[in-house]
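**Student:**
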Amino acid sequence: MMDPFEGLRISNDWRQLFDIKERQPCRKCSKSRKYFCYTCYTLNSDLENKIPFLKLPFKIDIIKHSREIAGKSTAIHAVLLAPEDVTIYIYPDIPKYTKDDKVVLIYPGKLASTLEEFYESKKNQVHKETNNLSGLITHALFIDSTWNQSNGILKNPMISKLPCVKLKIRLSQFWRHQKGSPRWFLATIEAIHQLFVEYMEIDNQSNEDNYDNLLYFFRFMYEQIHQLYEHDKLLSYRRPINI
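84 is the number that the numbering used here gives to position 79 of the sequence shown; each next residue is one higher, with no gaps.
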């Protein structure tokens, strides 16, 4: 089977997650968790200071629908790996931006532009000629919900007025794919990673910058689920794993 993560610079120590056999009580809510608490956004003590720490070039805000089951969401991966730059809001709670914030909504709306098109349309607003996105984005907003649930969130006046950016088509490797949706509907952490892949292409970042570790937990869970279930069956039926 072809490795969909081939070529990505994901730290090899993601394999340490296989060594964790027992659950632990969350240090905040005391609920039993195996790797991290998906309601408190905290790592278990076995993993504290043992996973990658990422600094992102701009903030990531995630609005999660209140009916979205916390244990199903991959948004928590981003908070654990880039805690200083990622915030999750439970709708109807939403971010409060200032007039100085430059926010884009990452969503495939009918009027959405690609990131490259957004850059081309905005770069003339930068005082000097630039070959990057510096100064054009301070926050990227994602919606973490089913497609049906997202419709209500998108009607919020603060969200509906934001410039909308769509990502390039990329096949999802998520094991819990929404029934009836195309394979290019990405899990939240895949979409965040894809945004930075495209950002790197436009922003001419050096090879020292690496955002592939956003898929650190995702890579492990993909491997775990494919060890438990036959690959061909997963293409049509993607069963949740126990985290």
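Glycine residues also receive a C-beta, built at the ideal position from the N, C-alpha and C atoms.
Select from Y204, P162, K171 the residue whose C-alpha is nearest the C-alpha of T143.
**Tutor:** Measuring from the Cα of T143, the nearest candidate turns out to be Y204.
**Student:** Using 8 Å as the threshold, is the C-beta distance between I111 and L172 below it?
**Tutor:** A contact, by the Cβ cut-off of 8 Å.
**Student:** At least one CB of chain D closer than 8 Å to the CB of L110: is that the case?
**Tutor:** Here there is only one protein chain, and chain D is not present.
**Student:** With a Cβ-Cβ cutoff of 8 Å, do A4 and I194 count as a contact?
**Tutor:** The question about residue 4 has no answer, for the chain in this structure spans 6 to 248.
**Student:** Does the region 113-129 come into contact with the region 35-45, if we say contact requires no fewer than three beta-carbon pairs (one atom in each stretch) closer than 8 Å?
**Tutor:** The region 113-129 is not in contact with the region 35-45.
**Student:** Can you give me the C-alpha to C-alpha distance between K127 and R32, rounded to a whole angstrom?
**Tutor:** The straight-line gap from Cα to Cα measures roughly 45 Å.
**Student:** Could you check whether L167 and H198 sit closer than 8 Å to each other, using their CB atoms as the reference points?
**Tutor:** No, the pair does not count as a contact, with Cβ atoms beyond the cut-off.
**Student:** Where DSSP assigns a beta bridge to C169, which residues make up the other side?
**Tutor:** L110, per the DSSP bridge assignment.
**Student:** Between the C-alpha atoms of W152 and S50, what's the straight-line distance to the nearest angstrom?
**Tutor:** The straight-line gap from Cα to Cα measures roughly 35 Å.
**Student:** Would you report the Cα separation of D18 and F63, rounded to the nearest angstrom?
**Tutor:** Going from the Cα of D18 to the Cα of F63 covers about 26 Å.
**Student:** At 3 residues or longer, what runs of the beta strand (DSSP E) sit wholly inside the region 56-103?
**Tutor:** Counting only runs of 3 or more, we get 64-69, 91-95.
**Student:** Quick check on T119: does DSSP put it in helix, strand or coil?
**Tutor:** Of the three classes helix, strand and coil, the one that applies to T119 here is strand, per DSSP.
**Student:** Assuming I99 contacts I56 (C-beta within less than 8 Å), just tell me the rounded distance between them.
**Tutor:** Going by Cβ atoms, the distance from I99 to I56 rounds to 28 Å, so no, they are not a contact pair.
**Student:** Between the C-alpha atoms of V109 and R72, what's the straight-line distance to the nearest angstrom?
**Tutor:** Between V109 and R72, the C-alpha separation is close to 24 Å.
**Student:** List the endpoints of the continuous alpha helix (DSSP H) containing F223.
**Tutor:** First-last of the alpha helix (DSSP H) with F223: 221-233.
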